[in-house]
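Below is one structure, written out as structure tokens; comments come after it.
Residue numbers (my numbering), protein chains in the order written: chain A, 1 to 464; chain B, 465 to 609.
Listed below in structure tokens is the structure:
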């Protein structure tokens, strides 16, 4: 067998596989919860209405007013600048360069969690939105009229964001895996990608309008915005308020392509988890075929990983669509189109649980680096010690293997419960007859159990 | 009234069935887990020295041989339980620096030389040891709880 240069970019400590007994516990709890959900369901929808109430004008002014917006926008822009600068001028060692950890851990994995807890906090920090608004404002002041935009083709929906999400993870995991030695995506590549993405995003914003593109096509805004729908804090008509948790998710998937975004999220996390365990042999087999067929090592690896990433997306989509088809067979079902988009939001908690379970330890370890040596020495060249923390390091002993395992199982079970809750609630809204609603949920139950148990399985064979 | 009664009975029956199923599953699989645990540590490391846990009278220190800048016979695997001493040697035909990630230990080795590592397994998880300059992984180190 040819040696596969798997990229373990950042992490010096990887998680031990979930032990069999805990896998069994997790799966059992999932089954019990699912049976309980079948028997103890409520009969009228409880989450379709957000029960949103304002937190008061003071909070809204403070957190949403122009000064806060400008400050956050500048901060976001500054951090984008630091990322690009560090990527271009800093060390090529990914673990010592600010750009890598900041983009792929702090932002990409941090904001989903922050969004669930605090609401859509990425929005004010979004550097491209900040630029777009500043330029739009400047244009209006000079020209005396607001910029005119092309109307966005609504049929495209959130598809640009879904494809962008796949592209981001492709760059992070697939493209960089060709690096040969045990390094991930290089800081230089990250900086170039950030510049290219900035150009593309600003062009789209100029074309379709800043807020429109943030709602439909800007990968980070759409992706983090999706997770913010799970939480309690939300903005309505420019006012900050609290709402019933999970309730805002129910209105999220009405835009076309939304299902693709959440499916892409589950698929990419699955792929990342599976490549270090479940798929390892299959990946090596296909890789060997391609090498035998005359591909170079790097090309063979990229093609192989691309195939498996696409397969993951197809498989996750297939499981969901089978569930939707199943529900369609239940008497009184709404049309397939409506069902297909109508249950997409129920996968958001699963996507979040996958992220949490797979990357919890990575974030805990890597944020120690982010706030010590990467902050004081962002270029990784040992030339600066901005905050006196350049000599800091990561304490890998901070989490025991057991702690990581329990968090992983806990996250998957909690995500499962939230997903079942949303699905059951939506069914009671779609089917007037409670019996039929419950019957339709056998299908979604099977879908959720499949995802959750697959998640547990991935953890149990990762690094095994 | 009758309908309510029936649905309650169904619920209880479903609940009981679920619990029984879960308990049966747990008992069955927990045994398997235990077996895996013991057999796992015994058979770990295909060609490196097994039985680090068994502690024989004269514990053998595994030697990882480096030939042509690569580990002979592929990446070595060593498995320990937390709290044990981790001991291994690296015999290399090339000069390089050996870096044990996570524990962040480094030692230089000369061409044709041998260096030994001896440290306590304090951090659980899966770790790599590399020939740092070549970026070549030579060892996968496992510390189980």
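For glycine and all other residues, C-beta sits at the position ideal for the given N, C-alpha and C. Source: prediction; values computed, not measured.
Report yes or no: is there a C-beta of chain B within less than 8 Å of the C-beta of residue 445 of chain A?
-> no
Report the partner residues of residue 94 of chain A according to the DSSP bridge assignment.
-> The partner list for residue 94 of chain A (beta bridge, DSSP) is empty, contrary to what the question assumes.
Using alpha carbons as the reference points, say which of A:72, A:104, A:11 and A:332 lies closest to residue 187 of chain A.
-> A:104
Measure the alpha-carbon distance for residue 497 of chain B versus residue 214 of chain A and round it to whole angstroms.
-> Note that residue 497 of chain B scores 43 on pLDDT, short of 50, meaning its location in the model is unreliable and no value can be drawn from it.
Please classify residue 14 of chain A: does DSSP put it in a helix, a strand, or coil?
-> strand
Using a Cβ-Cβ cut-off of 8 Å, state whether residue 587 of chain B counts as contacting chain A.
-> yes
Of the residues that make up the segment 261-291 of chain A, which ones have a beta carbon closer than 7 Å to any beta carbon in chain B?
-> none
So, using beta-carbon positions, are residue 409 of chain A and residue 22 of chain A closer together than 8 Å?
-> yes
Confirm, please, whether the CB-CB distance from residue 32 of chain A to residue 482 of chain B is below 8 Å.
-> yes
To the nearest angstrom, how far is it from the Cα of residue 148 of chain A to the Cα of residue 121 of chain A?
-> 28 Å
Do you know whose CA, among B:487, B:579 and B:560, lies nearest residue 444 of chain B's CA?
-> The requested residue 444 of chain B is not part of the displayed model; chain B covers only 465 to 609.
Please confirm if residue 397 of chain A has its CB atom under 8 Å from at least one CB of chain B.
-> yes
Examine chain B for any beta-carbon lying closer than 8 Å to the beta-carbon of residue 38 of chain A, and answer yes or no.
-> yes
Reduced DSSP category for residue 413 of chain A - H, G, I as helix; E, B as strand; rest coil | helix
Should the segment 89-96 of chain A be called in touch with the segment 230-249 of chain A, which here means at least 3 C-beta pairs below 8 Å?
-> no
Between residue 32 of chain A and chain B, is there a C-beta pair that is closer than 8 Å?
-> yes
Figure out for me which residue from B:603, B:590, B:597 and B:598 has the closest Cα to the Cα of residue 404 of chain A.
-> B:590
Shortest alpha-carbon distance to residue 64 of chain A belongs to which of A:35, A:25, A:317 and A:124?
-> A:124
Contact list for residue 593 of chain B against chain A, beta-carbon separation under 7 Å | Those do not exist, as residue 593 of chain B stays about 10 Å from chain A at its closest Cβ, beyond 7 Å.
Residues, ordered as in the chain, of the segment 423-443 of chain A that lie near chain B by beta-carbon distance below 8 Å = none
Which word fits residue 129 of chain A, buried or exposed, when buried means at least 16 other C-beta atoms lie within 10 angstroms of its C-beta?
-> buried
Can you name the start and end residues of the beta strand (DSSP E) that residue 571 of chain B belongs to?
-> 569-573
Are the CB atoms of residue 342 of chain A and residue 432 of chain A nearer to each other than 8 Å?
-> no
Out of A:230, A:176, A:175 and A:154, which has the shortest C-alpha to C-alpha gap to residue 217 of chain A?
-> A:154
When we look at the beta-carbon of residue 335 of chain A and count the other beta-carbons within 10 Å, is it buried (16 or more) or exposed?
-> exposed
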